[in-house]
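Structure record follows, encoded as structure tokens.
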Amino acid sequence: MLGDTNVRAGQCHCGAVRFEATLSDGLDSIRRCTCSYCRMRGAVVVMAEMGGIKVLQGEDALTSYRFHTGSVQHFFCSRCGIYTHHQRRSNQNLYAVNVACLDGVSPFDFSEVPVMDGVNHTNDTGRPTRRAGTLRFIPAD
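As structure tokens, this is what we get:
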């Protein structure tokens, strides 16, 4: 990890899966999505380029899920069920990484998170991805 702030260690909840993610744009690519799967899992993600996820431990514990077109895989730990990352459908050269799995990072560290329109996905509509809104976190104290 040699001081590169774009390289982050991460793991699932139980620790069976440990990985290193080289983030394309640090934490600046933060976002959520409105597609059915993202809505249900509620993850906030950042981007890593193809080859930017290195599983250090527990590759045998990772399992994947495909839906809709089946063109991309969503990875999660088969033991604790935590979603770690997925290949993006709109740009299959990118992976979205669950920020809650990154050491020292929480989705609640971000006061605003852009929410992208995954219901009207660019691969289905042929139009650029639309920003659907903003998710805000306002601490109580």
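Per our numbering, the sequence shown runs over residues 1392 to 1532.
In this text, a Cβ means the ideal position worked out from N, Cα and C, and glycines have one as well.
Legend entry - Between the CA atoms of residue 1518 and residue 1468 - distance to the nearest angstrom: As a first step, residue 1468 is located in the sequence shown; it is residue number 77 there, counting from the start. As a first step, residue 1518 is located in the sequence shown; it is residue number 127 there, counting from the start. One C-alpha to the other measures close to 34 Å.
Legend entry - residue 1501 versus residue 1492: straight-line alpha-carbon distance, rounded: On the sequence shown, residue 1501 is found 110 positions in, with the first residue counted as 1. On the sequence shown, residue 1492 is found 101 positions in, with the first residue counted as 1. Each residue's Cα considered, the two are about 15 Å apart.
Inset, instruction - Compute the distance between the beta-carbons of residue 1339 and residue 1507, then report whether it is under 9 Å. - result: Beyond the ends of the chain as shown, which are 1392 and 1532, falls residue 1339; an answer cannot be given.
Legend entry - Boundaries (first-last residue) of the alpha helix (DSSP H) holding residue 1468: For this step, residue 1468 is matched to residue 77 along the sequence shown. Where residue 1468 is concerned, there is no enclosing alpha helix (DSSP H), although the beta strand (DSSP E) it sits in stretches over 1465-1468.
Inset, instruction - Determine, using beta-carbon pairs with one atom in the segment 1412-1422 and one in the segment 1453-1467, whether at least three such pairs fall under 8 Å. - result: no
Inset, instruction - Measure the CB-CB distance between residue 1505 and residue 1525 and report whether it falls below 9 Å. - result: The residue labelled residue 1505 in the question sits at position 114 within the sequence shown. The residue labelled residue 1525 in the question sits at position 134 within the sequence shown. Their beta carbons are under 9 Å apart, which means residue 1505 touches residue 1525 by this criterion.
Legend entry - Start and end residues, beta strand (DSSP E) containing residue 1479: For the purposes of this step, residue 1479 is taken as the residue at position 88 of the sequence shown. No beta strand (DSSP E) holds residue 1479; DSSP gives it neither H nor E.
Inset, instruction - Could you tell me how far apart the beta carbons of residue 1452 and residue 1490 are, in whole angstroms, since I believe they sit closer than 8 Å? - result: By 1-based counting over the sequence shown, the position of residue 1452 is 61. By 1-based counting over the sequence shown, the position of residue 1490 is 99. Contact doesn't hold; Cβ gap of about 20 Å is too wide.
Legend entry - residue 1488 and residue 1430 closer than 9 Å at C-beta: Counted from its first residue, the sequence shown places residue 1488 at position 97. Counted from its first residue, the sequence shown places residue 1430 at position 39. In this structure, residue 1430 does not lie closer than 9 Å to residue 1488 by Cβ.
Legend entry - Proximity test, residue 1475 beta-carbon vs the ligand NAD heavy atom, cut-off 8 Å: Absence of the ligand NAD from the depicted structure is noted, as is the absence of any ligand whatsoever, leaving it without description.
Inset, instruction - Would you decide whether residue 1478 is buried or exposed? Buried here means 16 or more other CB atoms lie within 10 Å of its CB. - result: By one-based count along the sequence shown, residue 1478 stands at place 87. By the neighbour-count rule (16 or more Cβ atoms within 10 Å), residue 1478 is buried.
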